[in-house]
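Q: One line per chain: the protein sequences are A and B, in this order. So the first sequence is numbered by the working numbering: it starts at 1 and just counts up by one. So the second sequence is numbered by the working numbering: it starts at 1 and just counts up by one. Even for Gly, the Cβ is constructed at its ideal location relative to N, Cα and C.
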Amino acid sequence: DGETSPTTSMAELDHLVQVISKSHLETCQYLREELQQMSWQNFLQDEVESYQSKPREVMWQLCAVKITEAIQYVVEFAKRIDGFMDLCQNDQIVLLKAGSLEVVFVRMCRVFDSQNNTVYFDGKFAGPEVFKALGCDDLITSVFDFAKSMCSLHLSEDELALFSAFILLSADRTWLQEKLQVEKLQQKTQLALQHLLQKNQREDGVLNKLRFKVSALRSLCSRHTEKLSAFRAVYPDIVRTHFPPLYKELFG
Amino acid sequence: LKEKHKILHQLLQNSTS
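(1) State the Cα-Cα distance for the pair A/E183 and A/L162, rounded to the nearest angstrom.
(2) Measuring straight from C-alpha to C-alpha, what distance separates A/T4 and A/Y120?
(3) Counting C-beta neighbours from all protein chains within 10 Å, is the total for A/H154 16 or more, i.e. buried, or is it exposed?
(4) At a Cβ cut of 8 Å, what residues of the region 79–104 of chain A count as close to chain B, listed as they run along the chain?
(5) Comparing alpha-carbon positions, which option in A/E57, A/N42, A/V75 lies nearest A/V111?
(6) Give the DSSP-derived three-state secondary structure of A/D1 in the structure shown.
(7) Since A/I140 contacts A/L101 with CB under 8 Å, what's their CB separation in whole angstroms?
(8) Exposed or buried, what is A/R107 when buried is set at 16 or more other beta-carbons lying within 10 Å of its beta-carbon?
(9) Give a yes or no on whether 8 Å exceeds the smallest Cβ distance from A/L264 to chain B.
(10) Relative to the alpha-carbon of A/K54, which residue among A/V103, A/Q37, A/G135, A/V74 has its alpha-carbon at the smallest distance?
(11) Does A/G2 come within less than 8 Å of chain B when only Cβ atoms are used?
(12) Which residue wins for smallest C-alpha separation from A/I167, given the options A/C151, A/D158, A/Q186?
(13) Within the chosen definition, does the region 222–236 of chain A reach the region 33–52 of chain A through at least 3 CB pairs nearer than 8 Å?
(14) Name the residue from A/A165, A/D91, A/L207, A/A126 whose alpha carbon lies nearest to the alpha carbon of A/L180.
(15) Let me know if A/H15 comes out buried or exposed under the rule of 16 or more other beta-carbons within 10 Å of its beta-carbon.
(16) What are the start and end residues of the alpha helix (DSSP H) that includes A/Y120?
(17) In terms of alpha-carbon separation, which member of A/D237, A/D145, A/I81 lies closest to A/K213?
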């Protein structure tokens with residue numbers, strides 16, 4: 001808005017930061033304090049082996065359930081973002097269909113232990129070897145590498161919240177009907193993120209590093225879709241009858 | 001799209017808790 005004075009603009013950005021951070025904290029699934037109480041407990045060797053010896057379809061189903069749970073929190077996050085619910089229903093669905101898993105990957109850095117290369121999963125911290133039965137070692141490695149590199153940015157909860165909103169409001173998703181509306185929301189979110197990074201005295205490079213994450217996220221999600229297609233080709237009935245309906249809606 | 005995403009649509013319709 002060209003007529004907004006810089007002062008009002010700053011206040012508006014501060015307000016946006018506040019609202020989006022609050023939405024993030026209300027819907028983040030795990031509070032950092034809760035995770036600390038779990039004392040970063042890792043799976044024992046026999047527990048790791050038990051996951052590894054599960055049939056491929058059982059492990060896929062378990063992961064689909066966990067992803068779906070995490071996505072439900074992202075949907076709640078989206079609903080609380082200023083302006084999201086004012087978009088047409090088609091665009092709300094398009095943005096969540098394309099962006100919800102990306103936000104799950106972004107949020108993963110909150111439950112990731114960089115030192116041990118483990119992620120909180122099914123009650124304890126799991127290394128990549130826990131997911132061996134899925135038969136997607138390359139994708140799992142990439143997801144862990146992504147979480148590690150997100151962690152290395154040491155984003156605050158506020159910064160993570162704004163970046164998640166920025167990802168969700170991507171105006172270049174296919175099938176958007178009111179692209180301009182989404183563009184405006186995304187630009188505003190980006191300004192708020194820039195404003196926050198400056199306020200937090202982060203070095204200039206952080207925003208550029210985050211821009212690179214956008215393409216990394218898209219690649220992770222398209223590879224997830226490819227792996228699911230390959231799995232479905234072998235186990236169509238398992239997906240049809242045992243996978244969470246929301247997961248099938250989003251990725252089917 | 002709404003027809004193909006009934007659960008997501010329902011989640012969006014539910015009031016925020």
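A: On the basis of the supplied data:
(1) Rounded to whole angstroms, A/E183 and A/L162 show a C-alpha spacing of 15 Å.
(2) With a pLDDT of 45 at A/T4, under the threshold of 50, the predicted position of this residue should be treated as unreliable, though the coordinate-derived value follows. Roughly 44 Å separates the two Cα atoms.
(3) A/H154 should be labelled exposed.
(4) Result list: K79, R80, M85, Q89, N90, Q92, I93, V94, L96, K97.
(5) With distances taken between Cα atoms, A/V111 lies closest to A/N42.
(6) Low local confidence applies: a pLDDT of 47 at A/D1 is under 50, so the model's placement there is unreliable, with the coordinate-based value given in what follows. When DSSP states are grouped into helix, strand and coil, A/D1 belongs to the coil group.
(7) The beta-carbon distance between A/I140 and A/L101, rounded to whole angstroms, is 15 Å. This is too long to meet the 8 Å contact definition.
(8) For A/R107, the number of other beta carbons within 10 angstroms of its own is at least 16, and it is reported as buried.
(9) No statement about residue 264 of chain A is possible, as the shown extent of chain A runs from 1 to 252 and does not include it.
(10) With distances taken between Cα atoms, A/K54 lies closest to A/G135.
(11) Because the pLDDT at A/G2 is just 45, under 50, the model does not fix this residue reliably, and the value given afterwards should be weighed accordingly. No, no contact with chain B.
(12) Of A/C151, A/D158, A/Q186, the residue nearest in Cα terms is A/Q186.
(13) With a cut-off of 8 Å, the region 33–52 of chain A and the region 222–236 of chain A do not count as touching, because too few Cβ pairs lie within range.
(14) Nearest Cα to A/L180 within the set A/A165, A/D91, A/L207, A/A126: A/D91.
(15) The residue in question, A/H15, is exposed, as its Cβ has fewer than 16 Cβ neighbours within 10 Å.
(16) Per DSSP, A/Y120 is not a residue of any alpha helix (DSSP H); the beta strand (DSSP E) it occupies stretches across 118–121.
(17) Taking A/K213 as reference, the option from A/D237, A/D145, A/I81 with the minimal CA-CA separation is A/D145.
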